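Number of protein chains: 2
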Amino acid sequence: MATVINKQVLLRDYVTGFANESDLVITSTNVDLRVPKGSMTVLVKNLFLSCDPYMRNRMRKPDPLSPATAQSFTPGMPISGLGVSKVIDSGHPDYREGDLLWGAVGWEEYSVITPIPNLHFKIHHTNFPLSYYTGLLGMPGMTAYVGFYEICSPKKGETVFVSAASGAVGQLVGQFAKMMGCYVVGSAGSKEKVDLLRNKFGFDDAFNYKEEHNLVATLKRQVKILLHPQNKIKVIAFSMSIKPIKRFSLFSRCFPQGIDIYFENVGGKMLDAVILNMRPHGRIAACGMISQYNLQNPEGVYGLSLITYKRIRIEGFNCFDYFHKYSEFLEFVVPYVREGKITYVEDVAEGLESAPAALVGLFHGKNVGKQLVVVSRDLE
Amino acid sequence: MATVINKQVLLRDYVTGFANESDLVITSTNVDLRVPKGSMTVLVKNLFLSCDPYMRNRMRKPDPLSPATAQSFTPGMPISGLGVSKVIDSGHPDYREGDLLWGAVGWEEYSVITPIPNLHFKIHHTNFPLSYYTGLLGMPGMTAYVGFYEICSPKKGETVFVSAASGAVGQLVGQFAKMMGCYVVGSAGSKEKVDLLRNKFGFDDAFNYKEEHNLVATLKRQVKILLHPQNKIKVIAFSMSIKPIKRFSLFSRCFPQGIDIYFENVGGKMLDAVILNMRPHGRIAACGMISQYNLQNPEGVYGLSLITYKRIRIEGFNCFDYFHKYSEFLEFVVPYVREGKITYVEDVAEGLESAPAALVGLFHGKNVGKQLVVVSRDLE
Numbered sequence: 010m011a012t013v014i015n016k017q018v019l020l021r022d023y024v025t026g027f028a029n030e031s032d033l034v035i036t037s038t039n040v041d042l043r044v045p046k047g048s049m050t051v052l053v054k055n056l057f058l059s060c061d062p063y064m065r066n067r068m069r070k071p072d073p074l075s076p077a078t079a080q081s082f083t084p085g086m087p088i089s090g091l092g093v094s095k096v097i098d099s100g101h102p103d104y105r106e107g108d109l110l111w112g113a114v115g116w117e118e119y120s121v122i123t124p125i126p127n128l129h130f131k132i133h134h135t136n137f138p139l140s141y142y143t144g145l146l147g148m149p150g151m152t153a154y155v156g157f158y159e160i161c162s163p164k165k166g167e168t169v170f171v172s173a174a175s176g177a178v179g180q181l182v183g184q185f186a187k188m189m190g191c192y193v194v195g196s197a198g199s200k201e202k203v204d205l206l207r208n209k210f211g212f213d214d215a216f217n218y219k220e221e222h223n224l225v226a227t228l229k230r231q232v233k234i235l236l237h238p239q240n241k242i243k244v245i246a247f248s249m250s251i252k253p254i255k256r257f258s259l260f261s262r263c264f265p266q267g268i269d270i271y272f273e274n275v276g277g278k279m280l281d282a283v284i285l286n287m288r289p290h291g292r293i294a295a296c297g298m299i300s301q302y303n304l305q306n307p308e309g310v311y312g313l314s315l316i317t318y319k320r321i322r323i324e325g326f327n328c329f330d331y332f333h334k335y336s337e338f339l340e341f342v343v344p345y346v347r348e349g350k351i352t353y354v355e356d357v358a359e360g361l362e363s364a365p366a367a368l369v370g371l372f373h374g375k376n377v378g379k380q381l382v383v384v385s386r387d388l389e
Numbered sequence: 010m011a012t013v014i015n016k017q018v019l020l021r022d023y024v025t026g027f028a029n030e031s032d033l034v035i036t037s038t039n040v041d042l043r044v045p046k047g048s049m050t051v052l053v054k055n056l057f058l059s060c061d062p063y064m065r066n067r068m069r070k071p072d073p074l075s076p077a078t079a080q081s082f083t084p085g086m087p088i089s090g091l092g093v094s095k096v097i098d099s100g101h102p103d104y105r106e107g108d109l110l111w112g113a114v115g116w117e118e119y120s121v122i123t124p125i126p127n128l129h130f131k132i133h134h135t136n137f138p139l140s141y142y143t144g145l146l147g148m149p150g151m152t153a154y155v156g157f158y159e160i161c162s163p164k165k166g167e168t169v170f171v172s173a174a175s176g177a178v179g180q181l182v183g184q185f186a187k188m189m190g191c192y193v194v195g196s197a198g199s200k201e202k203v204d205l206l207r208n209k210f211g212f213d214d215a216f217n218y219k220e221e222h223n224l225v226a227t228l229k230r231q232v233k234i235l236l237h238p239q240n241k242i243k244v245i246a247f248s249m250s251i252k253p254i255k256r257f258s259l260f261s262r263c264f265p266q267g268i269d270i271y272f273e274n275v276g277g278k279m280l281d282a283v284i285l286n287m288r289p290h291g292r293i294a295a296c297g298m299i300s301q302y303n304l305q306n307p308e309g310v311y312g313l314s315l316i317t318y319k320r321i322r323i324e325g326f327n328c329f330d331y332f333h334k335y336s337e338f339l340e341f342v343v344p345y346v347r348e349g350k351i352t353y354v355e356d357v358a359e360g361l362e363s364a365p366a367a368l369v370g371l372f373h374g375k376n377v378g379k380q381l382v383v384v385s386r387d388l389e
């Protein structure tokens, strides 16, 4: 009984170009549910796995020219990521059977881990969905918190643009920015997501980037409807993709005065369009550039010489550098979640078998909200 | 006698592509050497004019999409820049005949200016060449000072790369970095400039970027010469462009361990190569991107998604935001100059007629050191 079957998700081989489901293989092995006493290891049962864009970079062949980037997965071995787990057996004095934790685990039903501070966290607040520790209360939450408050240096009244805005991180950045009194616009890749931004997350404006032909103009867009002397409607300025609008409304949208803060999740063409629309002393928090991760030849960014004139700061960051602030983050965010002032949308894939499609789907924008995989709902 | 001829340099028309001498026209007008009392204006005789890369951007047609960038010159009017001047007549209570100042003036023999704090400065230290106020003791000096000490956050022992390193700003950044105990490498566009970097400015290493086919490898370059058991020389690693080297020497050059700080003066391909070679938590001070200013289609930068993994900060800055610190800068730099611990190389063009060629020459790297134009050496 101590040995059970352990389903796993392996990387078939290093990936070039767009990742496919077939790059990941479901397999089974056996696992002993006991770990040696005093081994400092812990055997966990995985409940939820987090699908995150950075994982694409770990599928890449290691690049000797860029040793500082993400550590590659090993072909033929289970991939790893962040997840929520329950301790089954422990050889570590700080963990005991039944403890819940989140942190680095394999993509498998059971993992043997060696808990590492700031990489594995015990879960104390259990009056929220446990899956939130893959998102709102986990790494994406910390990323939004650190990226917005530390990297963007926001001030009340500033204008904020968020790309991939309905995603695991973006939906929180938008809500944080509204709480701070900023004007916030988000971009996403479907009508459903744009509606979420406007109606659920409280963004002031949102657009579907796939429907925009000129992102520079879209970001600058301002539409004013004035009553003409003959009571005809006159559109003063508009971008190509504005839909017919109600009579007698006054619209003023996106960033006619420019962008103070850009929370960058996508890279490529969008980054270029944003730089053109940035205001002087603007800040760009480079959280990630998902549009580039699957390209064999990444897109160029052409407008960088503007950052000198505009005094723009572009800063890459990784929330793992800030996990000493994790408890500070929980103290900040938990009351808002409890009071319903922060909301969170998840996209839940059921079962480890669905994990490859869920992960690959991220890169096509198939997820609506935080993508995660349920490995087991069985807390026993 | 109060009216004299005033030679001027006009912009013929907005420039696209590479600027040519013929885009600038020498002309003459008359100027009254007296200004009305109480007018708050000052008539100055220009002694030295500063040729600066940003001036190319002022030759461009104004771009309504980027109103925050440099203000364009007006075709048919004298261009303007920074210069060193002597007051001939003053309608301003703070200025009197004979005062020396540096700041914004027209490209002409005489200018009527309205002095503006932090844009016009009286010259108090006159025991240096007055031309230094176009460079070492003027805007380029402040740019190097602010860019290196404020934007780059340097620490002793860090590795620093400077492009356009023999130019008005770069030669100072290299010397500041050495004073701080950093390891410093510079790039420039000729053997003469590379020799200056090594032998005059004290750079630890330098290369001619025009002779390098693979800038990524060049920046990473490490050459080790070991004595083989049979006393044969064995080259462990080298980049393509290494010249034959002396026997029995041990070479270790450029950045085998990566770059902590990049002082960015050129942009384009060099920026891309640097990003690939940056160390985690590296900083890039974007002082300017001269390689891009004359291109109708700027080069793309393709490696930006690495800045997230490497936690790189890229920050554009303009020394004019820091001119409240100008006296602090002088207090810092003047003793070093006096003691010969900081040196400065100028490239001097004689006469206003030579000004168009001098300015345009910047964009072809013809200048060796700070490019300036002598309008008059007559201090009377």
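So the protein lines, in turn, are chains B and G. Each residue of the first sequence is one higher than the one before, starting from 10 at the first, in our numbering. Each residue of the second sequence is one higher than the one before, starting from 10 at the first, in our numbering. Here a beta-carbon is modelled for each residue, glycine too, at the ideal position from N, C-alpha and C. Predicted model only: the values in this text are computed from it and were never measured.
I want to see whether chain B comes within less than 8 Å of residue i, judged by CB atoms only; does it?
i                         : result
glutamine 17 of chain G   : no
leucine 361 of chain G    : no
alanine 295 of chain G    : yes
methionine 148 of chain G : no
proline 265 of chain G    : no
proline 138 of chain G    : no
proline 393 of chain G    : Given that chain G is displayed from residue 10 to residue 389, the structure contains no residue 393 of chain G and the question cannot be resolved.
proline 45 of chain G     : no
proline 126 of chain G    : no
Name the two residues that bound the continuous alpha helix (DSSP H) containing residue i.
i                        : result
glutamine 380 of chain G : First-last for glutamine 380 of chain G: 379-383, but that is the beta strand (DSSP E), not the alpha helix (DSSP H).
serine 336 of chain B    : 335-347
tyrosine 318 of chain B  : 315-319
glutamate 201 of chain G : 200-208
valine 369 of chain B    : 364-371
asparagine 66 of chain B : 64-67
threonine 38 of chain G  : Looking at the DSSP string, threonine 38 of chain G is not in any alpha helix (DSSP H); the run it does join, the beta strand (DSSP E), is 33-41.
Compare the C-beta of residue i against all C-beta atoms of chain A and say whether one is closer than 8 Å.
i                      : result
glycine 176 of chain G : Of the protein chains in the structure, B and G, none is chain A.
Quick one: which chain B residues come within Cβ less than 9 Å of residue i?
i                        : result
glutamate 324 of chain G : Ile316, Arg320, Ile321, Arg322, Ile323 and Glu324
proline 163 of chain G   : The contacting residues do not exist; proline 163 of chain G stays about 17 Å from chain B at best.
Grab the span of the beta strand (DSSP E) containing residue i for me, first residue to last.
i                            : result
phenylalanine 272 of chain G : 268-273
phenylalanine 170 of chain B : 168-171
alanine 113 of chain B       : 109-115
lysine 54 of chain G         : 51-59
proline 149 of chain G       : First-last for proline 149 of chain G: 148-154, but that is the alpha helix (DSSP H), not the beta strand (DSSP E).
isoleucine 97 of chain B     : 89-99
I want to verify the contact list: residues of chain G whose CB lies under 8 Å from the CB of residue i, in sequence order.
i                         : result
aspartate 330 of chain B  : Arg320
methionine 298 of chain B : Leu313, Ser314 and Thr317
proline 71 of chain B     : Neighbours of proline 71 of chain B on chain G: none; closest Cβ ~13 Å, over 8 Å.
Just tell me which of the options has its CA closest to the CA of residue i.
i                         : options                                   : result
histidine 101 of chain B  : B:Glu118, B:His129, B:Tyr218 and B:Pro84  : B:His129
glutamate 221 of chain G  : G:Asp204, G:Cys161, G:Phe210 and G:Gly198 : G:Gly198
valine 34 of chain G      : G:Tyr154, G:Leu361, G:Phe212 and G:Ala153 : G:Leu361
serine 196 of chain G     : G:Phe264, G:Tyr331 and G:Gly150           : G:Phe264
cysteine 161 of chain G   : G:Ala295, G:Thr135, G:Trp111 and G:Gln305 : G:Ala295
leucine 304 of chain B    : B:Ala28, B:Val342, B:Leu228 and B:Ala11   : B:Ala28
leucine 91 of chain G     : G:Asp108, G:Phe137 and G:Gly144           : G:Gly144
valine 182 of chain B     : B:Met151, B:Lys202, B:Asp204 and B:Glu201 : B:Met151
asparagine 127 of chain B : B:Val354, B:Lys375, B:Leu381 and B:Asp330 : B:Asp330
glycine 378 of chain B    : B:Leu20, B:Glu340, B:Pro84 and B:Glu201   : B:Glu201
arginine 292 of chain B   : B:Glu308, B:Thr317 and B:Ile299           : B:Thr317
lysine 131 of chain G     : G:Pro138, G:Leu110 and G:Gly147           : G:Leu110
Who are the neighbours of residue i on chain B, taking C-beta pairs under 8 Å?
i                         : result
asparagine 327 of chain G : Thr317, Tyr318 and Arg320
Give a yes or no on whether the minimum CB-CB distance between residue i and chain G is below 8 Å.
i                      : result
alanine 79 of chain B  : yes
glycine 195 of chain B : no
valine 310 of chain B  : yes
proline 307 of chain B : yes
Starting from residue i, find everything on chain G with Cβ-Cβ shorter than 7 Å and list it in chain order.
i                      : result
glycine 276 of chain B : Leu313 and Ser314
Along chain G, in chain order, which residues have C-beta atoms closer than 9 Å to that of residue i?
i                     : result
proline 87 of chain B : Within 9 Å Cβ-Cβ: nothing; proline 87 of chain B doesn't reach chain G, min ~22 Å.
Listing by chain order, which chain B residues have their CB less than 7 Å from the CB of residue i?
i                        : result
glutamine 301 of chain G : Ser314
What residues are listed by DSSP as bridge partners for residue i?
i                        : result
aspartate 356 of chain G : G:Gln380
glycine 325 of chain B   : B:Ala295
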